[in-house]
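Beneath this line is the structure, given in C-alpha cells, with notes to follow.
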Amino acid sequence: AYGIFNRKYKKNMKSLYIVHPSWWVKALFWFAKPFVSSKFYRKLHYVYYLMDMYDYEDFAGKNIRIPDHVIKYDQMTNIEYYNQKFAAARQ
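Just so you know, we're using our numbering here: the sequence shown kicks off at 584 and counts up by one.
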C-alpha cells in the first residue's frame, strides 16, 4: 500500500494504521522488511481494536470518519474487549 503513494505523501505521512490485521497482512509486511525503509516501519501501527487508535498520540481522530458499519463490526467481533474496557472505565 505504501508504494502507491506519491513521494510527497510518503514524506508527510505521520503514521499508517492497519486495523484488524490478518496474519497474511503481517507476514506480507514482514517479508517486505528488507526492501522497505526502516522509517516506514516506525510509522506502521497494527491496531486490533478501533478504540485503541485513539490511544496513540499522533492519531488525529477528529480528522477521520470511520463508517458506522466498521464500528459495529469491531464491536461485535471484539465484544469481550469492549465490555472489559467499559467496565474498567466505570470503576
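Built from N, CA and C at the ideal position, the CB exists for glycine as well.
Give the DSSP-derived three-state secondary structure of residue i in the structure shown.
{"i": "H652", "result": "helix"}
{"i": "I662", "result": "helix"}
{"i": "V608", "result": "helix"}
{"i": "Y637", "result": "helix"}
{"i": "Y631", "result": "coil"}
{"i": "N589", "result": "coil"}
{"i": "A615", "result": "helix"}
{"i": "S621", "result": "helix"}
With DSSP as the reference, please indicate the residues paired to residue i in a beta bridge.
{"i": "Y600", "result": "H628"}
Quick one: measure Cβ to Cβ for residue i and residue j, integer angstroms, because I've assumed they're closer than 8 Å.
{"i": "Y600", "j": "V630", "result": "5 Å"}
{"i": "K597", "j": "K626", "result": "7 Å"}
{"i": "H628", "j": "Y639", "result": "6 Å"}
{"i": "M636", "j": "K668", "result": "With a Cβ gap of about 13 Å, M636 and K668 do not count as contacting."}
Here's the rule I'm using: 16 or more other beta-carbon atoms within 10 Å means buried, otherwise exposed. How should residue i be labelled?
{"i": "D657", "result": "buried"}
Express the C-alpha separation of residue j and residue i in angstroms, rounding to a whole number.
{"i": "K609", "j": "K593", "result": "20 Å"}
{"i": "E663", "j": "Y632", "result": "11 Å"}
{"i": "D641", "j": "I654", "result": "21 Å"}
{"i": "Y624", "j": "F614", "result": "12 Å"}
{"i": "N666", "j": "V602", "result": "20 Å"}
{"i": "L611", "j": "N661", "result": "24 Å"}
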